[in-house]
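For reference, the structure is listed below as structure tokens.
Number of protein chains: 2
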Amino acid sequence: MNIRFYNARILTMEDNKPIFEGEVWVSNEKIIYVGDGKDMDEFYRQRNLTCMIWDEEINCDKNVLMPGFKNAHTHSGMTLLRSFADDLPLHEWLNKQVFPVEAKMTEEDIYHLTKLAVLEYLTSGITAIFDMYLTPESVAKACMDTGMRCVLTGAVNDFSQSVEAMEKWYGELNGIDPLISFLPGFHAEYTCSKKLMEDIASLAQRLKAPVYVHLAETKAEVEGCMERYGTTPGMFLDSLGMFEHGGGAYHCVYLTEKEVALFKKKQISVITNPGSNMKLASGIAPISDFLKAGLNIAIGTDGPASNNCLDMFREMFLVTGLAKLREKDASAVDAMDVLKMATVNGAKAMCLENADVLAQDKLADIIMIDLFKPNMQPINNIAKNIVYSGSKQNIKMTMIHGHILYRDGEFCLKDEPRDIYEKANAIINRLR
Amino acid sequence: MNIRFYNARILTMEDNKPIFEGEVWVSNEKIIYVGDGKDMDEFYRQRNLTCMIWDEEINCDKNVLMPGFKNAHTHSGMTLLRSFADDLPLHEWLNKQVFPVEAKMTEEDIYHLTKLAVLEYLTSGITAIFDMYLTPESVAKACMDTGMRCVLTGAVNDFSQSVEAMEKWYGELNGIDPLISFLPGFHAEYTCSKKLMEDIASLAQRLKAPVYVHLAETKAEVEGCMERYGTTPGMFLDSLGMFEHGGGAYHCVYLTEKEVALFKKKQISVITNPGSNMKLASGIAPISDFLKAGLNIAIGTDGPASNNCLDMFREMFLVTGLAKLREKDASAVDAMDVLKMATVNGAKAMCLENADVLAQDKLADIIMIDLFKPNMQPINNIAKNIVYSGSKQNIKMTMIHGHILYRDGEFCLKDEPRDIYEKANAIINRLR
Chain Y
1451 MNIRFYNARI
1461 LTMEDNKPIF
1471 EGEVWVSNEK
1481 IIYVGDGKDM
1491 DEFYRQRNLT
1501 CMIWDEEINC
1511 DKNVLMPGFK
1521 NAHTHSGMTL
1531 LRSFADDLPL
1541 HEWLNKQVFP
1551 VEAKMTEEDI
1561 YHLTKLAVLE
1571 YLTSGITAIF
1581 DMYLTPESVA
1591 KACMDTGMRC
1601 VLTGAVNDFS
1611 QSVEAMEKWY
1621 GELNGIDPLI
1631 SFLPGFHAEY
1641 TCSKKLMEDI
1651 ASLAQRLKAP
1661 VYVHLAETKA
1671 EVEGCMERYG
1681 TTPGMFLDSL
1691 GMFEHGGGAY
1701 HCVYLTEKEV
1711 ALFKKKQISV
1721 ITNPGSNMKL
1731 ASGIAPISDF
1741 LKAGLNIAIG
1751 TDGPASNNCL
1761 DMFREMFLVT
1771 GLAKLREKDA
1781 SAVDAMDVLK
1791 MATVNGAKAM
1801 CLENADVLAQ
1811 DKLADIIMID
1821 LFKPNMQPIN
1831 NIAKNIVYSG
1841 SKQNIKMTMI
1851 HGHILYRDGE
1861 FCLKDEPRDI
1871 YEKANAIINR
1881 LR
Chain W
1451 MNIRFYNARI
1461 LTMEDNKPIF
1471 EGEVWVSNEK
1481 IIYVGDGKDM
1491 DEFYRQRNLT
1501 CMIWDEEINC
1511 DKNVLMPGFK
1521 NAHTHSGMTL
1531 LRSFADDLPL
1541 HEWLNKQVFP
1551 VEAKMTEEDI
1561 YHLTKLAVLE
1571 YLTSGITAIF
1581 DMYLTPESVA
1591 KACMDTGMRC
1601 VLTGAVNDFS
1611 QSVEAMEKWY
1621 GELNGIDPLI
1631 SFLPGFHAEY
1641 TCSKKLMEDI
1651 ASLAQRLKAP
1661 VYVHLAETKA
1671 EVEGCMERYG
1681 TTPGMFLDSL
1691 GMFEHGGGAY
1701 HCVYLTEKEV
1711 ALFKKKQISV
1721 ITNPGSNMKL
1731 ASGIAPISDF
1741 LKAGLNIAIG
1751 TDGPASNNCL
1761 DMFREMFLVT
1771 GLAKLREKDA
1781 SAVDAMDVLK
1791 MATVNGAKAM
1801 CLENADVLAQ
1811 DKLADIIMID
1821 LFKPNMQPIN
1831 NIAKNIVYSG
1841 SKQNIKMTMI
1851 HGHILYRDGE
1861 FCLKDEPRDI
1871 YEKANAIINR
1881 LR
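Heads up: the protein sequence lines correspond to chains Y and W, in order.
In this text, residue positions in the first sequence follow my numbering: the first is 1451, and each later residue adds one.
In this text, residue positions in the second sequence follow my numbering: the first is 1451, and each later residue adds one.
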């Protein structure tokens, strides 16, 4: 499929490149041209072409094209537990409500529940997810069947999954489909034995792969690690050789200065989850400190049981808003920094550098932001409008891997949304 | 116009009334029936009717009908300055960016800019606003011309408006249109002389009217008042006899215990503005304390220059999310309490008790929440879904005073949205 977008405002998210008016051309899964549309002769000459045959030409009507958002931490299958039990203390919520239901979920349940999450990702301009959940294979299948780009990671802990399973997934899921990849990961220091974590570190070293993990989400977690190992979780995991090939840490609310320096040195990404940290009363991550230290900061929604939505607009506003509150400084964390976290930095954290910006030869993971909605007017500053005022309402189109999957409020999928909703309701009614 | 809504889930927002399936009937500006649809004979008998002639019968398809949201504090005309200057310290933002442009705005500018705000209110299910701005008459006209319910209040201070003007508006705007009312108000203690505030208190006593004011928004404001008058703003204003007939205070981030007791005694509403308090780094209001004290808590977006959107879904999530963070307690401020703030309590704060719940003889200010969007599924708990996961995307219909003004993403107004956007852009380009 060859698709031409014209009459667009283009925010490529390349460093220091201002928004300009022009065209984006897509051929199959790739972007083949981004520019003002005045250098076409050169384009054709280089390719020995006289013209392009378009399957579709889309007038963007001066709306914005930009790279899709990367949701760098989620548990898609937890749509089941959205609003199932809120307004409870964290411990009670997890042990009495979440875990007992999760224990009864089947692979097929997770397949359908992930599809429900995919629908929501598309409405929020999310073109790639970093998913950690019980059954990576069924999550992968749901993403392949809907067209969502998905990086999977392990959720290994003392009670589920294993290093062997993870090695198998690493071999089988990498290469199964251009949309799918798998990276080593485990649940958290506090749910794994030292032996298990040592084995995970060995595997990562053998595979020369980065490792991803929930880290420093709550004060209690850090204190527990101090008691168990006499140091903080980041330092402890590093002492096991966990991050020899980098990786990433979800949450990072209570990262120490020493850990910030470690993250910089070992190229470990911070993946912040402000909505979840807020709703579960975990705290506010020190984003300004991370920025100053030059860390790679990405953004994730976390799962819908703890958020409860999968909305990058809400997360983006919270990243800067909570930083402003924390620092008591209205100038903390500029909107453009937040947009970078939601796109380029997310891609880096997820090893998706081929889908980070709008440029020739990058993967065609593109969204169109509708400026002709009241919350985007007047057009004083488009980046600030997106971060401070944007909402799902402004997603006019979501394209992944060259396929338009959502457009003008309608899904372009094999499944009917109503069927997916029905499945989700049937599952919770069965497991409740 | 007689409109019948059927096949709906109904959340009346009356105390302790669970959601039920049924019908809502609207005749002209009023609700004439709310129920399960099984007591129609009784309805007709009481009215000596054999049937109703419907102008429209709307199948709600099991979506939710509930009272529209009350945006209990806003400055609609400030749409002009949305994303005009963000990420700046508060003082620099106000003095170097906001005030110089505002000084050049005409009444006609504010008329058009208010219309832009109204479009956004409708997309967010807001059916009434409490507006404080420079020119109440042109704000009222914009609301009358679009069909928005609007309670206006004065923004009197040492530099603009006056007690005389306010008395005139009180006389003229109350009664000008069923959609419009006016209540006394002034900008803030720190922008008014003691003499001016004494005169405002006298006027309020003479009119037997409540008074509304920005109060305890920042720590610096409270400290300034302590220096000037030896007490906090709430206590000081009360000592002038300001609240003999109640009223309300916007922001209330730094309210003291004594002031909380005063608010309870004098029936002064707290109107919280979490998005603005966050973006301007003002702080987090102690909502849990207010709840414990039994205060009437309403929610406002504040103006779009400091928020930057006019979205009650975002505000509702922030009310509870920030309370959870502040109290370090995930169980702080239940979703149902938040929904009450956004509807019934807002109506009370704005003296709109005739539009607070869905019940016979109440004004027909009704919204339909679309449950068949992925962020609302599965349907574990509708109230929690709305507060924790809801977005503008879920507003399927907004009805004010019996008129449907927004439906399935389209506005039903005389003005074309594009014309309103063009006007707003022309104004900022002229004044910049």
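The C-beta atom is built at its ideal place from N, Cα and C for all residues, glycine as well.
As the structure is a prediction and not an experimental result, all values here were calculated from the model.
Contact with chain W is found for W1543 of chain Y, since one of that chain's Cβ atoms lies less than 8 Å from the residue's Cβ. M1582 of chain W is bridged by DSSP to W:T1603. A1699 of chain Y sits in a strand when the DSSP states are folded into three classes. Contact between T1681 of chain W and T1524 of chain W does not hold, since the beta-carbon distance rounds to 29 Å and is not under 8 Å. Contact annotation: A1799 of chain W and D1815 of chain W have beta-carbon atoms that are not nearer than 8 Å. Using a Cβ-Cβ cut-off of 8 Å, C1759 of chain Y counts as an interface residue toward chain W, since at least one Cβ of chain W sits closer than that to its own. For G1771 of chain Y, at least one C-beta of chain W is nearer than 8 Å to its own C-beta. Put simply, the backbone Cα of A1458 of chain Y is about 11 Å away from that of V1484 of chain Y. Taking D1536 of chain Y as reference, the option from W:M1582, W:H1695, W:D1779 with the minimal CA-CA separation is W:D1779. Secondary structure at K1823 of chain Y: coil, using DSSP grouped into helix, strand and coil. According to DSSP, residue pairing for K1480 of chain Y in a beta bridge involves Y:S1477, Y:L1813. Judged by beta-carbon spacing, V1794 of chain Y lies beyond the 8 Å limit of M1516 of chain Y, meaning their Cβ atoms are not closer than that value.
Put simply, of Y:L1602, Y:R1678, Y:P1736, Y:N1835 the residue whose alpha carbon is nearest the alpha carbon of S1643 of chain Y is Y:R1678.
Shown here, Y1856 of chain W sits in a strand according to DSSP, grouped into three states. Neighbours of E1570 of chain Y in chain W, taken as residues whose beta carbon is under 7 Å from its own, are P1824, N1825 in chain order.
Chain W places no beta carbon closer than 8 Å to that of K1658 of chain Y, leaving this residue out of the contacts.
Secondary structure note for S1652 of chain W: it is in no beta strand (DSSP E), and the uninterrupted alpha helix (DSSP H) holding it is 1644-1657.
Going by C-alpha positions, P1867 of chain W is about 21 Å away from N1521 of chain W.
Annotated as distal: V1663 of chain Y and F1686 of chain Y, with beta-carbon spacing of 8 Å or more.
E1709 of chain W: member of the alpha helix (DSSP H) spanning 1707-1716, first to last residue. Under the 10 Å beta carbon count, D1649 of chain Y is surrounded by 16 or more other beta carbons and is classified as buried. The Cβ atoms of I1845 of chain Y and G1575 of chain Y lie closer than 8 Å to each other. Chain-order list of chain W residues neighbouring Q1547 of chain Y: empty, with the shortest C-beta distance near 11 Å, by a criterion of under 9 Å. Per DSSP, the continuous beta strand (DSSP E) segment holding A1458 of chain W begins and ends at 1452-1460. In this structure, the beta-carbon distance from K1774 of chain Y to A1731 of chain W falls below 8 Å.
Between V1568 of chain W and T1596 of chain W, the gap from beta carbon to beta carbon is short of 8 Å.
Neighbours of G1859 of chain Y across chain W, judged by C-beta separation under 7 Å: G1859. Residues of chain W with a Cβ closer than 8 Å to the Cβ of D1779 of chain Y are, in chain order, P1539, A1731.
For the segment 1543-1585 of chain W, the full-length beta strand (DSSP E) segments reaching 3 residues or more read 1576-1582 along the chain.
At a cut-off of 8 Å between C-beta atoms, N1521 of chain Y does not count as an interface residue with respect to chain W. In the displayed model, N1466 of chain Y falls within coil according to three-state DSSP, outside both helix and strand. Under the 8 Å criterion on CB atoms, Y1561 of chain W is classed as non-interfacial with respect to chain Y. The Cβ-Cβ distance between I1469 of chain W and I1854 of chain W does not fall below 8 Å. For the pair V1661 of chain W and F1713 of chain W, the CB atoms are not nearer than the 8 Å cut-off.
When DSSP reads this structure, F1636 of chain Y sits in a beta bridge with Y:V1606, Y:V1663.
With fewer than 16 other Cβ atoms from the protein chains shown falling within 10 Å of its own Cβ, R1882 of chain W counts as exposed.
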